[in-house]
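A short worksheet on the structure shown next.
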Amino acid sequence: MSEIRVHVNLSERSYDILVGPELLSSAGERVAEWLAARFGKSATPSAVVVTDGNVAQHAQAVQESLEQAGWRVGRINMQPGEQSKRLEVISSAYDELVRFRTDRQTVIVAVGGGVVGDAAGFIAATFNRGLPFVQVPTTLLADVDSSVGGKVGVNHPQA
């Protein structure tokens, strides 16, 4: 199967969806191309991969691809499940971003299902007035729902 590229036209919020084999191993190059086209190239590109234990192997492939492309890469490992969308978990992720010396050009790369996408998207949208965000969905539901359209969110313990 060759690569399929679907362009979602949302004016200034437009994006491409890539479908095809071996995309994880080329993530570093792909994200660099996207970052350069969208924001101009940064001198030392940096990214933080956000994932959970369910897909650690896939996240590792993305991380290695970014590192091989010359990126400075950090990693935030969340627990699988809805509990990772709690504000305490998000706050801990912010602490990790501070330790990583995240700047406004650091790309947040979500590798996982809907919970990871929601949490990582919320982190990207709210840390340092917003960071570039890339999703690598790993479930069918995340492919067609949580990674489409920019929906993100966290849970409140009383809601």
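Residues in the sequence shown are numbered from 236 upward in steps of one, following the working numbering.
A virtual CB, placed ideally from N, CA and C, is assigned to each residue, including glycine.
It should be emphasised that the depicted structure is a prediction, and the values quoted were computed from it without experimental measurement.
Going by C-alpha distance, which of the options is nearest residue i?
i	options	result
V342	R273, T374, D287, Q318	R273
D338	L301, V266, F362, V290	F362
V395	I239, S249, V241, H391	Past the boundaries of the shown model lies residue 395; the chain is included only from 236 to 394, so the question cannot be answered.
V389	T374, W306, S326	S326
S281	K320, A267, R321, A360	A267
L270	Q393, A394, V369, V387	V369
F335	W306, R321, A360	W306
Check for me: the beta strand (DSSP E) holding residue i runs from which residue to which?
i	result
F362	No beta strand (DSSP E) holds F362; DSSP gives it neither H nor E.
L253	250-254
V371	368-372
V284	281-287
Would you kindly report the start and end of the unbroken alpha helix (DSSP H) that includes residue i?
i	result
Q292	291-303
R273	262-274
Would you identify the three-state DSSP class for residue i, choosing helix, strand or coil?
i	result
V350	helix
G316	coil
G309	strand
V324	helix
Less than 8 Å between C-beta atoms, sequence neighbours within five positions excluded: which residues of the same chain meet that for residue i?
i	result
Q298	V284, V308, R310
May I ask whether a heavy atom of the ligand ATP can be found less than 6 Å away from the beta carbon of residue i?
i	result
S326	For the ligand ATP, the structure offers nothing, since it holds no ligand at all.
Among the residues of its own chain, which have a CB less than 6 Å from the CB of residue i, if the five just before and after it don't count?
i	result
A294	V284, T286, V346
Using a Cβ-Cβ cutoff of less than 7 Å, which residues in the same chain neighbour residue i once the five nearest sequence positions on both sides are dropped?
i	result
T373	V290, H293, V346, G347, G348
Given 8 Å, three or more beta-carbon pairs between the segment 300-319 and the segment 339-355: yes
Do the segment 305-313 and the segment 247-257 touch if we need at least three Cβ pairs shorter than 8 Å? no
Does the contact criterion of 3 or more C-beta pairs under 8 Å hold for the segment 258-271 versus the segment 328-336? In the pairwise beta carbon analysis, the segment 258-271 is classified as not touching the segment 328-336: fewer than three pairs are separated by under 8 Å.
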